[in-house]
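From first to last, the protein sequence lines are chains L and S. Those letters in the first sequence? Residues 15 to 355, per the numbering used here, in order. Those letters in the second sequence? Residues 10 to 353, per the numbering used here, in order. Positions of the beta carbon are idealized from the N, C-alpha and C atoms, including for glycine. Note sheet for the following structure.
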Amino acid sequence: MSTPFLSVRDLRVHFSTEDGVVKAVDGLSFDLEKGKTLGIVGESGSGKSVTNMAILGLHDRRNTALDGEILLDGKELITATERELEELRGNTMSMIFQDALASLSPYHTIGAQIGETYRKHTGASKKEARERAVEMLRRVGIPQPDIRVDDYPHQFSGGMRQRAMIAMALVCDPELLIADEPTTALDVTVQAQIMDLLKDLQQEFGTAIIFITHDLGVIADIADDVLVMYGGRCVERGTKKEVLRTPQHPYTLGLLSSMPSLDGPVDVPLSPIPGSPPSLLNPPSGCRFHPRCAFAEKVAGGLCSTERPTLEIVDGRGSACHLTPEQKREIFDGFTAARTH
Amino acid sequence: MPPRLLTPYGIRQENPTAMFRFLVRRTLGAAVIMLIISALVFVLFYAAPRDPARIACGKVCTPETLALVRKNLGIADPLPVQYWEWLKGLFVGREYTSFGHCPAPCLGYSFQNREPVLSTILDRFPTTISLAIGSSVVFLIFGIGTGMLAAVKQGKTLDKVASSASLIASSMQIYVVGIFATYLLVDQLHLLDRANYTPFTEDPAKWAAGLLVPWLVLSLIFTANYTRMTRSQMVETLSEDYVRTARAKGLSRRTVFFRFAWRGAMGPIVTIFGLDLGTLLGGAIITESTFSLQGLGLLSVKAVSTNDLPMLLGVVLVAAAAIVVFNIIVDSVYALIDPRVRLA
Chain L
15 MSTPFLSVRD LRVHFSTEDG VVKAVDGLSF DLEKGKTLGI VGESGSGKSV TNMAILGLHD
75 RRNTALDGEI LLDGKELITA TERELEELRG NTMSMIFQDA LASLSPYHTI GAQIGETYRK
135 HTGASKKEAR ERAVEMLRRV GIPQPDIRVD DYPHQFSGGM RQRAMIAMAL VCDPELLIAD
195 EPTTALDVTV QAQIMDLLKD LQQEFGTAII FITHDLGVIA DIADDVLVMY GGRCVERGTK
255 KEVLRTPQHP YTLGLLSSMP SLDGPVDVPL SPIPGSPPSL LNPPSGCRFH PRCAFAEKVA
315 GGLCSTERPT LEIVDGRGSA CHLTPEQKRE IFDGFTAART H
Chain S
10 MPPRLLTPYG IRQENPTAMF RFLVRRTLGA AVIMLIISAL VFVLFYAAPR DPARIACGKV
70 CTPETLALVR KNLGIADPLP VQYWEWLKGL FVGREYTSFG HCPAPCLGYS FQNREPVLST
130 ILDRFPTTIS LAIGSSVVFL IFGIGTGMLA AVKQGKTLDK VASSASLIAS SMQIYVVGIF
190 ATYLLVDQLH LLDRANYTPF TEDPAKWAAG LLVPWLVLSL IFTANYTRMT RSQMVETLSE
250 DYVRTARAKG LSRRTVFFRF AWRGAMGPIV TIFGLDLGTL LGGAIITEST FSLQGLGLLS
310 VKAVSTNDLP MLLGVVLVAA AAIVVFNIIV DSVYALIDPR VRLA
């Protein structure tokens with residue numbers, strides 16, 4: 015088996031705060047190949063964004079402890095120096111943020127901001143960088159790019175800003191693109207356009223994409239593989255089809271049940287997951303989902319509250335749950351049947 | 010759609026007509042403000058229980074002499090008439106029975122020393138300007154510099170020292186620090202010159218030497234404010250999303266700090282500085298009296314204590330004009346710093 019392009023092994027991100035240590039990510043592993051898209055799903059505070067900030071090395075070094083392994087094309091990022099990371103950021107790996115208006119500098123033109131990344135990594139002149147910026151804007155579908163390049167972010171519409179953001183992230187043809195909820199703030203039509211754009215660009219450049227979202231519909235659209243996070247841990251992994259069609263973890267099941275399905279019967283009521291996300295300062299013992307899990311009492315010996323379920327991945331498929339295979343089949347097959355006629 | 014201006018890369022140009030309209034509108038607004046201020050000073054002056062004519066008349070004062078003095082001082086007429094005369098003098102000049110013609114812009118004659126107000130103000134203004142500009146340079150350099158340093162070293166010893174020092178400095182009083190500084194630096198250590206004013210045009214070196222102590226003392230209090238403001242603005246800007254984006258682009262901490270965060274922190278600092286400079290140009294009363302510098306501050310104090318209405322009006326008007334003008338400048342500069350601000 016060849017080494018994957020991005021390999022995260024047992025990643026732990028712990029913040030020290032005045033109240034104690036927050037275990038934002040607690041032992042996360044995944045691989046990502048070039049040209050593939052990994053969707054990371056989870057509630058707010060599940061560690062999705064923290065994971066990706068750690069990959070870029072943008073965590074606050076004063077209070078954050080990283081542990082584990084992040085290998086990008088064979089290079090260890092956790093022990094890399096700030097200098098080395100600066101070389102990689104925006105160049106080999108880049109990121110698109112959720113709120114494009116807040117994430118673009120209000121004081122610089124769109125062109126200057128795109129060109130800046132290009133100049134930093136290629137040493138191009140201002141003129142070349144500007145031409146490159148125009149070209150990138152054209153590629154992401156901004157009309158009249160040679161004119162709009164001198165606009166400021168506030169003169170762009172929401173969708174255009176996100177396109178500009180993508181242009182900025184892709185200006186150096188990165189091999190890894192991390193998209194942190196890039197479509198959450200956009201309306202659905204624009205959202206669809208942005209997704210199509212990302213897919214096109216991925217095909218063109220063979221970029222590996224990590225797509226963070228809490229929107230399963232978006233995942234269904236763009237991801238190849240899906241990783242479901244809960245309380246800083248991965249609870250389920252598999253291909254998009256496996257996770258969305260035949261979930262193996264009660265949390266994934268809960269997520270799916272709380273959103274309407276277009277192709278399923280309309281009379282199935284939505285059932286939200288009870289309770290609220292766990293405190294990462296003082297997380298629940300055993301399985302972190304057990305206080306909210308509808309099936310916890312089915313597990314013999316109260317195992318859910320005492321022992322952390324292991325995540326065993328076979329052929330990229332697995333879930334961390336104490337339910338026996340029989341119990342799972344009983345619970346999840348019923349769900350699958352209800353969703354698909 | 011208006012024609013697009015050719016802009017240099019990354020720099021925005023304000024539409025000239027918009028800029029012009031902005032300036033016209035603000036200037037008109039400023040004129041109205043000055044009108045109101047001068048009228049207020051007029052009213053307040055006469056609301057005071059002292060009669061300037063009674064004071065000028067002397068100890069032995071018959072009703073006839075008093076009436077004559079009134080007439081001579083130009084305060085025999087009803088208030089609105091007086092105000093109108095004064096206002097008219099500003100634009101067309103004014104005839105005085107005792108002094109003769111006072112050319113426009115005429116601010117009248119001082120009750121006290123019988124000299125044209127304008128020439129006295131013009132005589133004192135350079136001292137005040139020198140004090141204001143010199144101390145501004147000092148407090149901007151030290152204030153912003155220390156604030157930036159504290160922001161870089163946020164939470165570290167240097168930050169704590171700078172923050173505490175600025176808190177102590179901001180609670181100092183000029184008349185205490187001024188006297189102490191003069192005693193220590195001038196009398197004891199002979200490091201600096203005693204405060205005095207030499208016109209810049211006469212001898213720049215002496216001008217600077219004579220004002221150095223007042224500059225340092227006056228800027229001490231301001232420095233502290235600017236340190237704290239710069240620090241908090243920088244820290245706030247550094248937590249903005251676009252700063253994180255800049256880091257995600259691969260820009261170094263230093264580049265981010267000076268190219269992005271600085272820009273965001275500048276706005277509020279420019280605003281406060283505009284107001285401070287306007288105030289300083291109206292005369293730094295305490296500093297001027299501490300160091301016996303004959304600027305507008307001392308002049309206004311004297312005008313109040315001697316019931317000298319024309320002088321008081323003149324000084325207030327100059328001070329108000331300074332503040333209003335710098336407000337307009339601040340707003341224009343703000344539009345240059347922040348492209349989201351429209352001069353509309």
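Is it true that the CB of residue j sits closer than 7 Å to the CB of residue i?
i	j	result
S:G102	S:P112	yes
L:G252	L:P297	no
L:R23	L:G82	yes
L:D201	L:F111	no
S:L220	S:G143	yes
L:A147	L:V163	yes
L:K62	L:I226	yes
S:L140	S:A293	yes
L:Y265	S:P348	no
S:G117	S:P319	yes
S:T129	S:G304	no
S:I138	S:S179	no
S:F335	S:G283	yes
L:L215	L:R175	no
S:L307	S:E297	yes
L:V204	L:G173	yes
S:V252	S:F267	no
S:S175	S:R237	yes
S:R240	S:A159	yes
L:M27	L:V64	Per the sequence shown, residue 27 of chain L should be read as Val rather than Met. Yes, they are a contact pair.
L:G49	L:G268	no
L:D33	L:L295	yes
In angstroms, rounded to a whole number, what distance separates the CA positions of residue i and residue j?
i	j	result
S:V325	S:Q242	33 Å
S:I183	S:S107	42 Å
S:V279	S:L225	21 Å
S:R63	S:L77	11 Å
L:E100	L:G125	21 Å
L:N77	S:A40	55 Å
L:L230	L:L270	8 Å
L:I84	S:Y343	44 Å
L:D113	L:A199	7 Å
S:F120	S:D317	5 Å
S:L44	S:E124	24 Å
L:M67	L:I223	14 Å
S:P223	S:G152	17 Å
L:K342	L:G53	23 Å
S:A57	S:G67	19 Å
L:F349	L:L284	12 Å
S:R203	S:W216	11 Å
L:T324	L:A234	26 Å
S:D212	S:A218	10 Å
S:E245	S:G273	9 Å
S:Y92	S:L32	28 Å
S:V327	S:R79	26 Å
S:T16	L:Y132	Annotation note: pLDDT 41 at S:T16 (below 50); position unreliable, coordinate value reported separately. Spanning the two alpha carbons is a distance of roughly 21 Å.
L:I92	S:S145	47 Å
S:T166	L:S272	51 Å
L:E344	L:R75	46 Å
S:K162	S:D168	6 Å
Just confirm the distance between the C-beta atoms of residue i and residue j, as a whole number of angstroms; I'd bet it's less than 8 Å.
i	j	result
S:A331	S:G287	5 Å
S:A329	S:I46	5 Å
L:I287	L:R306	6 Å
S:I337	S:R35	5 Å
L:M107	L:L80	So it is not a contact: roughly 16 Å between Cβ atoms.
S:Y206	S:L302	6 Å
L:L356	L:V39	Chain L is shown only over 15 to 355; residue 356 of chain L falls outside these bounds and no answer can be derived.
Check your understanding: Do three or more CB pairs link the stretch 49-64 of chain L to the stretch 283-298 of chain L at distances below 8 Å?
Key -> Under the 8 Å Cβ criterion, the stretch 49-64 of chain L counts as touching the stretch 283-298 of chain L, having at least three qualifying pairs.
**Study point:** Unbroken stretches of the alpha helix (DSSP H), 4 residues or longer, contained in the stretch 88-113 of chain L
**Key:** DSSP runs (the alpha helix (DSSP H)) wholly in the stretch 88-113 of chain L: 96-102.
Review point. Is the stretch 306-317 of chain L in contact with the stretch 334-342 of chain L, if contact means three or more CB pairs nearer than 8 Å?
Key: The answer is yes - the stretch 334-342 of chain L touches the stretch 306-317 of chain L, with three or more Cβ pairs under 8 Å.
Point to revise | Inter-stretch contact (C-beta, 8 Å, three-pair minimum) for the stretch 149-159 of chain L and the stretch 167-187 of chain L | key: Judged by Cβ distances under 8 Å, the stretch 149-159 of chain L makes contact with the stretch 167-187 of chain L, as three or more pairs qualify.
Review point. On the three-pair Cβ rule with 8 Å, is the stretch 231-241 of chain L touching the stretch 249-263 of chain L?
Key: Segments in contact, yes.
**Study point:** Those runs of the beta strand (DSSP E) which lie wholly inside the stretch 19-102 of chain L and span at least 3 residues
**Key:** Runs of the beta strand (DSSP E) inside the stretch 19-102 of chain L: 20-31, 34-46, 51-55 and 78-86.
Review point. Whole alpha helix (DSSP H) runs in the stretch 282-333 of chain S with 4 or more residues, listed along the chain?
Key: Correct list: 294-299 and 305-314.
Point to revise | Any alpha helix (DSSP H) of 4 or more consecutive residues that is wholly inside the stretch 201-238 of chain L | key: Runs of the alpha helix (DSSP H) inside the stretch 201-238 of chain L: 202-219 and 230-236.
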